[in-house]
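Numbered per the working numbering, the sequence shown spans residues 959 to 1017. Heads up, the beta-carbon is just placed ideally off N, CA and C, and yes, glycines get one too. All figures in this text were calculated on a predicted structure; none of them were measured in a lab. Below you'll find the structure, written out as structure tokens, and then a few comments.
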Amino acid sequence: MVEVSKVQVKYFGNFPIIGVITKWVLAIYRSRIYVWLLRIMGVFFLGLALMFILVLLQL
């Protein structure tokens, strides 16, 4: 993880926005919040898939 962060600082140092986003993503990934985010996204995409299937069945 340390080597990856060093590489990110080297390549994304000139782009502050990308650096902030990568730090934010790494912070979320290290914490357990991403588990809940993945669950929410999974439910969201399941809902979209069900809506898509219902629309296809109606055609």
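Simplified DSSP state of residue i, which is helix, strand or coil
i, result
"R990", "coil"
"L1017", "coil"
CB contact flag (residue i, residue j, <8 angstroms)
i, j, result
"I986", "L995", "yes"
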